[in-house]
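Report on the structure given below.
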Amino acid sequence: MIVYLDNHSTTRVLDGISLEVVGCYTRRQRYGNPSSLHSLGLEALGLVETARNRVSNLLKSDSSQIYFTNSATEANNIVLKGKWQYERRHHNRELNIITTPIEHKSVLNTIENIFQLDPATKVHYVQVNKNGTLDLEDLETKLKLNNILAVSVMTANNEIGTINDIRTISKMCEKREVFFHTDATQAIGKVDINLEYIDALSFSSHKIHGPKGCGLLYLKENKNIDPIIHGGLQNTFISGTINVPCIYGASLACEVLAKEENNETNTEIKRLRDMLLGKIMAGLDDVFINGTVENRLINNINISIKDVPAEVMVSLSDVCISSGSACGSGSHEHSYVLDAIEAKYPENAIRLGLSRFNTEEEIEYAAKRIIEIAKAVRNE
Ligand code: PLP
Numbered sequence: 003m004i005v006y007l008d009n010h011s012t013t014r015v016l017d018g019i020s021l022e023v024v025g026c027y028t029r030r031q032r033y034g035n036p037s038s039l040h041s042l043g044l045e046a047l048g049l050v051e052t053a054r055n056r057v058s059n060l061l062k063s064d065s066s067q068i069y070f071t072n073s074a075t076e077a078n079n080i081v082l083k084g085k086w087q088y089e090r091r092h093h094n095r096e097l098n099i100i101t102t103p104i105e106h107k108s109v110l111n112t113i114e115n116i117f118q119l120d121p122a123t124k125v126h127y128v129q130v131n132k133n134g135t136l137d138l139e140d141l142e143t144k145l146k147l148n149n150i151l152a153v154s155v156m157t158a159n160n161e162i163g164t165i166n167d168i169r170t171i172s173k174m175c176e177k178r179e180v181f182f183h184t185d186a187t188q189a190i191g192k193v194d195i196n197l198e199y200i201d202a203l204s205f206s207s208h209k210i211h212g213p214k215g216c217g218l219l220y221l222k223e224n225k226n227i228d229p230i231i232h233g234g235l236q237n238t239f240i241s242g243t244i245n246v247p248c249i250y251g252a253s254l255a256c257e258v259l260a261k262e263e264n265n266e267t268n269t270e271i272k273r274l275r276d277m278l279l280g281k282i283m284a285g286l287d288d289v290f291i292n293g294t295v296e297n298r299l300i301n302n303i304n305i306s307i308k309d310v311p312a313e314v315m316v317s318l319s320d321v322c323i324s325s326g327s328a329c330g331s332g333s334h335e336h337s338y339v340l341d342a343i344e345a346k347y348p349e350n351a352i353r354l355g356l357s358r359f360n361t362e363e364e365i366e367y368a369a370k371r372i373i374e375i376a377k378a379v380r381n382e
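In the numbering used here, the protein residues as written are 3 to 382.
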């Protein structure tokens with residue numbers, strides 16, 4: 003048996019979607035370039051518009067507010083860099099960007115790159131407590147700065163699964179007329195999101211059982227964002243031939259999530275997650291949960307097992323686990339997220355991410371193996 007518990011990293015494509023994606027490469031009504039004016043181009047354009055409607059239906063937005071990119075990483079770059087570039091073209095003044103120390107690297111490194119290009123843009127990190135919860139008083143203080151370019155706060159963290167109060171945070175930004183972006187890559191389908199005060203939201207197809215190669219971007223209004231990739235324009239500021247197969251597949255994954263709102267899939271994932279955590283905690287001493295227990299993604303576990311290096315668990319061939327720090331399961335990078343929350347034994351932290359495909363039998367097997375291996379390492 004191989005148990006896949008690395009669903010924060012990527013997910014298995016839903017049955018049925020892969021066939022639809024393949025059809026977009028091969029079927030005559032589907033493989034055209036949506037920019038072409040002939041009939042096959044128009045057919046392909048129709049697929050993209052159908053996809054846009056499905057995504058907007060999930061987010062409860064207008065379809066004109068949905069943009070397709072190649073990844074959530076690209077969407078985050080487009081929003082933050084595009085916004086900065088626009089500002090720089092129009093004003094020569096000190097700018098401030100507010101974010102958190104536990105964002106995904108696609109946000110942190112983009113902001114870092116902006117700072118390197120333009121030291122007059124200052125970066126401010128909102129404090130995070132040991133539970134992984136943001137200090138909203140600190141955010142309120144930072145929001146008093148002048149010339150804030152943007153606030154970027156993720157909806158849920160990809161390592162410790164902690165969920166931010168995006169409704170309150172976005173409202174705080176709206177009150178001060180500050181542009182608010184949230185990276186919702188890990189949260190879509192698992193956390194209720196109200197777009198009312200959100201200016202930009204990004205996520206990724208391959209985290210929601212869609213194909214790899216499609217990022218999704220909601221923009222309330224696309225003014226004041228410059229294109230950062232230049233070429234033939236998709237729609238005002240995104241260039242490149244439209245990736246119809248992946249966009250279409252991504253939209254089918256969105257459609258499944260939209261239909262499932264308030265359904266039992268998440269309840270079952272949470273039940274299995276709680277079962278797995280319960281079994282590990284009952285089977286082993288000195289297991290420490292990283293991040294808050296309450297306010298957490300229903301599929302996430304991040305724990306440090308004392309005296310058991312993460313490398314041991316990550317190298318299991320029958321249970322796919324990542325080290326607590328990693329986005330990709332093979333990486334043993336030091337975790338800045340675990341550092342930020344001053345986690346105990348960060349080198350022993352493992353991240354387990356469940357999905358709808360996990361079964362009770364798999365969870366029992368995974369718990370047994372994790373306990374077995376940990377005891378063997380500890381000589382218990
Ligand atoms: N943002 C978060 C919170 C993520 O977890 C990830 C991937 O792990 C990304 C962004 C990047 O997504 P993509 O793989 O689509 O670039």
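Each residue gets a CB set at the ideal place from its N, CA and C atoms; glycine is no exception.
Secondary structure of residue i, DSSP reduced to three states
i	result
S207	helix
L44	helix
N304	strand
R32	coil
H216	What sits at residue 216 in the sequence shown is Cys, not His. Coil, per DSSP.
T102	coil
Y27	helix
V379	helix
D341	helix
G332	Bear in mind that a pLDDT of 48 at G332, under 50, signals an unreliable position, so the number given afterwards is only what the model happens to contain. Three-state result, G332: coil.
S37	coil
F70	strand
V130	strand
R298	strand
Check: residue i C-beta below 6 Å from any heavy atom of ligand 1
i	result
S73	yes
G191	no
S41	no
Q188	yes
H106	yes
G217	yes
D8	no
D185	yes
S154	no
L304	In the sequence under discussion, the amino acid at residue 304 is Asn, which differs from the Leu named in the question. No; taking the cut-off as 6 Å, the Cβ of N304 has no heavy atom of ligand 1 nearer than that.
Separation of residue j from residue i, as counted between CA atoms
i	j	result
E223	V125	24 Å
K107	M277	31 Å
M174	T143	11 Å
S357	I162	16 Å
I300	Q31	40 Å
N166	M156	7 Å
G332	N94	For G332, the predicted model reports a pLDDT of 48, less than 50, meaning its position is unreliable and no value from the coordinates is stated.
S20	A77	23 Å
T71	D309	43 Å
First through last residue of the beta strand (DSSP E) which encompasses residue i
i	result
A351	A351 to G355
H92	Per DSSP, H92 belongs to no beta strand (DSSP E); it is in the alpha helix (DSSP H), A74 to H92.
S154	I150 to S154
F290	V289 to I291
Residues bridged to residue i (per DSSP)
i	result
K124	N98
C322	Y6
H183	S154 and A202
Run of the alpha helix (DSSP H) containing residue i, from where it starts to where it stops
i	result
E270	T267 to G285
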